[in-house]
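One structure is given below, encoded as structure tokens.
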Amino acid sequence: DEPMSRMLVTGGAGFIGSNFVRHVVEHTDDEVTVLDKLTYAGDPRTLEGLPQSRVHLVQGDVADAGLVDGLVAGHDVVVHFAAESHNDNSLRDPSPFVRTNLIGTYELLEAVRRYEKRYHHISTDEVYGDLELDDPARFTESTPYNPSSPYSSTKAGSDLLVRAWVRSFGVQATLSNCSNNYGPFQHVEKFIPRQITNVLDGDRPKLYGAGQNVRDWIHVDDHNAAVLRIIERGSIGETYLIGADGEQNNKDVVELILELMGQPRDAYDHVNDRAGHDLRYAIDSTRLRTELGWEPRFSDFCSGLADTIEWYRANEAWWRPQKAATEAKYRAAGQ
Ligand code: NAD
Ligand code: DAU
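Under full-length UniProt numbering, the residues of the sequence shown are numbered 24 to 358, in order.
Written as structure tokens, this is what we have:
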């Protein structure tokens, strides 16, 4: 197999990053250092149970140039998940999005340039803007960038920095843009965990607007298997779109959650819509499938969702500390 390497995983105490660390421990011999600021979205308990001989946590900021320099120097590969990740927060206060997503990426790029390290950049389908509901088109690697929110515009900007550092400085980077993830350890501010934990609390799911907006759902383990494949076999300088043909509108997802949790399908509230709310995302992942041979393993959204509901039922101690403060912010916005 591949030789052992030392991997620096930024944002590895968050949702996707922590699931990635678990995936790497299971599928490689690599050693992992997690660099994570432990913001409201990061939680060291998320890494509990992983072998301490192979996983180390450093609490710190990706925008801290000195810290990043030393860490990058001592690793072979940098996988950059750390970001401010929630659109609704970016509408309330964009400033940490600019600092973490743009300045943080810049500092990592300068360090991987200095030490000639391999870099993989985690991004989102939101950089492409949105599609009409009746448009048969899906996003591909050549779709023009057209982000809508402070969150997605800072992600788009960070992608463009990576591409420029590849072209101008020969940085050995790959990029991936994935659709909406679901699965264990997702923060209760996000759509699916918010609704599951509302129902567990005897509260009702909250649907923005009419709920016709479409998201292209993928299980977090399928995303992470694709990321590892790109790190091992992707072509330097290239972008890969990651998606599992999981388009669903929000109303259907809320109704499915209610049904799976034994509630009437109409037991939810319509709340204020998100400002500038993107209508539809859809990924064409042909390139990843044909060039790198990746296929999603969680092709049944309903059973993946049922497992996720069970995970939140069984892990209340993990999400409970975040729930009240998250709901207070939404209440203040009429959401
Ligand atoms: P998350 O909010 O759950 O986790 C983000 C992590 O980054 C947290 O542990 C947080 O403490 C850490 N962090 C934040 N600012 C930091 C800083 N300045 N320095 C170091 N660490 C910092 O986010 P997520 O949903 O796991 O998303 C991870 C990445 O995947 C992001 O880059 C996001 O844009 C991208 N992405 C997410 C999705 C999705 O559906 N959630 C889809 C596609 C791409
Ligand atoms: O597409 C990838 C993106 O997916 C990632 O880049 C982001 O980091 C991630 O947060 C996610 O962004 P979204 O804005 O699509 O996800 P969110 O979970 O916030 O919302 C999903 C949809 O559900 C969206 O149309 C808004 C809607 N929504 C959300 C919440 C929290 C509701 O209807 N009710 C809610 O309570």
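C-beta: ideal position from N, C-alpha, C; glycine also.
For residue i, which residues in the same chain have their Cβ closer than 6 Å to its Cβ, ignoring the five residues on either side in sequence?
i	result
Y168	V150, A179
G269	D239, W240, I241, F324
N295	G357, Q358
P216	Q209
H109	E212
R297	Y231
L90	G83
N338	none
Can you give me the Cβ contacts of residue i inside the same chain, cut-off strictly under 7 Å, excluding the 5 residues immediately before and after it?
i	result
A96	Y138
G34	G40, D59, F104, A105, A106
L283	L328, A329, I332
G299	S171, S172
Got a sec? Which residues, its chain only, sit under 8 Å from residue i by beta carbon, not counting five neighbours each side?
i	result
R312	E318
K140	V95, H98, D99, V100, V101, A134, Q195
G65	G34, A36, G37, D59
Does the distance from the CB of residue i to the CB of residue j come in under 8 Å?
i	j	result
R303	L154	yes
S28	V78	no
D307	K229	no
M30	H98	yes
V48	L70	no
A86	T123	yes
V189	L281	no
R45	W341	no
A187	E130	no
I219	Y63	no
D301	S181	no
T128	L264	no
D289	A267	no
Let me check understanding here. Comparing Cα to Cα, which of the options lies closest to residue i?
i	options	result
A105	G93, P117, I126, G89	I126
G225	T166, Y231, S165, P287	P287
V243	L251, T62, T177	L251
D330	L279, R136, N273	L279
S165	T262, D301, N221, G232	T262
L184	S171, R227, R136	R136
N272	A233, E282, L281	A233
Q235	G266, Q345, D275	D275
F321	S175, N247, G285, I219	N247
E255	L315, V44, I265	L315
G257	P67, R310, G152, L283	R310
D92	L61, T177, L132	L132
E350	V277, F214, I265	F214
Is residue i near the ligand DAU - that is, is its Cβ less than 7 Å away from at least one heavy atom of it?
i	result
R115	no
F321	no
H300	yes
S41	no
D275	no
F214	yes
Y168	no
K352	no
L230	yes
T262	no
G297	The amino acid occupying residue 297 in the given sequence is Arg; Gly does not appear at that position. Yes, Cβ of R297 sits closer than 7 Å to a heavy atom of the ligand DAU.
G206	no
Examine the ligand NAD and report whether any of its heavy atoms sits within less than 7 Å of the Cβ of residue i.
i	result
L125	no
A105	yes
residue 13	A query on residue 13 cannot be resolved here, the shown segment of the chain reaching from 24 to 358 and no further.
I253	no
V85	yes
A64	yes
C325	no
Looking at residue i and the ligand GDP, is the gap between the Cβ and the nearest heavy atom below 7 Å?
i	result
E149	Looking at this structure, you won't find the ligand GDP anywhere; what it does contain is the ligand NAD and the ligand DAU.
Output yes if chain C places a C-beta closer than 8 Å to the C-beta of residue i; else output no.
i	result
K229	Given the protein chain composition of this structure (a single chain), no chain C is represented.
Do the region 39-49 and the region 201-215 touch if we need at least three Cβ pairs shorter than 8 Å?
yes
Using 8 Å as the Cβ pair cut-off and three pairs as the minimum, do the region 186-201 and the region 141-148 touch?
yes
Below 8 Å, how does it come out for the region 115-123 and the region 156-163: are there three or more Cβ pairs, yes or no?
no
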